[in-house]
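Student: Sharing a structure here in structure tokens format.
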Ligand SMILES: *Cc1c(COP(=O)(O)O)cnc(C)c1O
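Numbering (this note's numbering), first residue to last: -18 to 447.
Laid out in structure tokens, this is it:
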């Protein structure tokens, strides 16, 4: 007898697909709540047994008790950290990727999936102005992308002969926490450059490199941020990139959050210099309306990444060898050339899900104009929110938003006031907004990402602070 786990079952399919259909049709998506450990553990207690359960019971438990204990990142009222706003098309296609067990590790195994992913990477490289031949792969998130890229930066310096015993990457303390973590993993120290009004500038970098700050001679690369997570600020990419080029330093640009705004003509000039990047990270699961988990990692010269990341194992040799019909001119580079492209060669991973395909499907269906319009709508909503805040007497706008993150303060409030207010907003399902710290003081922070986060929602939030 066949093992029933591998036999298609109409009833379970109807149950699960029915749930998916309901969830996808929610409009608007409810915010929902967090949860306490004890009741959740009590609920799950004894569920996994030798005999199993009726799928309707398990799904019901998920629907009624677990799903509601997850704050919906895709609700237009979800404004903490960096929320999500996946398109319906991308969510639907994510189900296709899952239903097809579609992996995309090597060209040998997954040519069709890799070709489509590379088409999207090509669009992003084009938006950034990277040269022909740029390429890379999709990884799980900005953190994995930063680690993979900085590893290439570190090792390329050594391969080029400007290695040092203690390589360092220059950055400011406004760089994302995942950069510090990546450097720690890599055994590389940060060379911290003083930020000028929270931004890395060429002047500050040049001064630090020429100073007697310990480690200046060991700097092999620079990390710039295009859209800081706390405030949405963009470093002086042009100046820093040019200086990095002049000094032979690896230029890494972390645009995990901000990169989506490359689609928006109204702010595109703020990204000038991004085209100088040796490596670039953009998270489509943030501002490119893709489902979790999806980060684009691009290299100016993918061959450098390949030299660092290709995994050697006897059983993997076949994916690196020429295959009939897939390999042509030796030495061609770039994902659109007539040569096999192994995503596994461009990050520290091996097996990987074809996580670029939901974005590919949505972009192909809707077209790039729809993405431009969605990003511009979010930017406009952020400007409106800032205008509303700055004309509200009991509020103070910390600074006009550069992208779509708005920082503001309530006159006279302490940290405890912000925390109590934040908890109440969630309890009342008005919004998920958590406080942050700006220049040593607590501030409210809203990160807009969903085109449906309108001024009306922001007004509701503002009214609760009166
Ligand atoms: C979110 C973010 C990261 C980390 O990305 P994950 O996808 O959460 O791993 C890195 N850098 C910046 C600037 C970010 O906003």
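Using N, Cα and C, we set each Cβ at its ideal position, and we do this for glycine too.
Being a predicted model, the structure only gives us computed values, none of them experimental.
1. State yes or no: is the C-beta of residue 58 within less than 7 Å of the C-beta of residue 108?
2. Terminal residues of the continuous beta strand (DSSP E) containing residue 200?
3. Cβ atoms of residue 189 and residue 174: under 7 Å apart, would you say?
4. Measuring alpha carbon to alpha carbon, tell me which of 444, 52, 386 and -11 ends up nearest residue 461.
5. Under 6 Å Cβ to Cβ from residue 352, same chain only, skipping five residues before and after it: list those, please.
6. Taking the C-alpha atoms as reference points, what is the distance between residue 381 and residue 183?
7. If contact is defined by three or more beta carbon pairs under 8 Å, each pair taking one atom from either stretch, is the segment 48 to 56 in contact with the segment 76 to 92?
8. Assign residue 433 to one of three DSSP states: helix, strand, or coil.
9. With a threshold of 16 other CB atoms inside 10 Å of the CB of residue 312, please say whether the residue is buried or exposed.
10. Taking buried to mean at least 16 other C-beta atoms within 10 Å of its own C-beta, is residue 159 buried or exposed?
11. Would you kindly report the start and end of the unbroken beta strand (DSSP E) that includes residue 58?
12. Jot down the residue ranges of each uninterrupted beta strand (DSSP E) in the segment 131 to 196, minimum 3 residues, whole runs only, in chain order.
13. Which residues share a DSSP beta bridge with residue 280?
14. Assuming residue 412 and residue 438 make a contact with CB atoms under 8 Å, what is their CB distance in whole Å?
15. Spatial neighbours of residue 304 within its chain, please: C-beta separation below 7 Å, excluding the five flanking residues on both sides.
16. Taking the continuous alpha helix (DSSP H) assigned at residue 401, which residues delimit it?
17. Looking only at C-alpha atoms, which of 417, 150 and 408 sits nearest to residue 390?
18. Could you give the distance in angstroms between the alpha-carbon of residue 54 and the alpha-carbon of residue 415?
19. What residues match up with residue 233 in a beta bridge as DSSP calls it?
20. From this set, 165, 420, 202 and 346, which residue's C-alpha is nearest residue 74's C-alpha?
21. Taking the DSSP output, what are the residues bridged to residue 387?
22. Tell me where the alpha helix (DSSP H) around residue 108 begins and ends.
23. Just how far apart, CA to CA, sit residue 455 and residue 330?
24. For a test of the three-state rule: what should DSSP assign to residue 300, helix, strand or coil?
25. Output the boundary residues of the alpha helix (DSSP H) element that contains residue 452.
26. Quick one: give me the first and last residue of the alpha helix (DSSP H) that residue 210 is part of.
27. At the level of alpha carbons, what is the spacing between residue 409 and residue 250?
Tutor: Result, derived from the coordinates:
1. no
2. 200 to 206
3. Contact annotation: residue 174 and residue 189 have beta-carbon atoms nearer than 7 Å.
4. The question about residue 461 has no answer, for the chain in this structure spans -18 to 447.
5. 244
6. So the two alpha carbons sit approximately 23 Å from each other.
7. Note that the segment 76 to 92 does not touch the segment 48 to 56; fewer than 3 beta-carbon pairs, one per stretch, sit closer than 8 Å.
8. Correct three-state label for residue 433: coil.
9. Reliability of the predicted coordinates at residue 312 is poor, the pLDDT of 41 falling under 50, and the value obtained from them is presented with this limitation in mind. Residue 312 should be labelled exposed.
10. buried
11. No beta strand (DSSP E) holds residue 58; DSSP gives it neither H nor E.
12. 149 to 152 and 170 to 173
13. 116 and 260
14. About 7 Å separates the beta carbons of residue 412 and residue 438, which is inside the 8 Å limit, making them a contact pair.
15. Bear in mind that a pLDDT of 49 at residue 304, under 50, signals an unreliable position, so the model cannot answer this.
16. For residue 401, the uninterrupted alpha helix (DSSP H) segment begins and ends at 396 to 408.
17. 417
18. One C-alpha to the other measures close to 13 Å.
19. DSSP, once it has assigned bridges, lists 204 and 260 as partnering residue 233.
20. 346
21. 427
22. 88 to 109
23. A question about residue 455 goes unanswered here, because the residues of the chain that appear run from -18 up to 447.
24. helix
25. The structure shown does not extend to residue 452, since the chain is modelled only from -18 to 447, so the question has no answer here.
26. Premise fails: residue 210 is in no alpha helix (DSSP H) and is neither H nor E.
27. 40 Å
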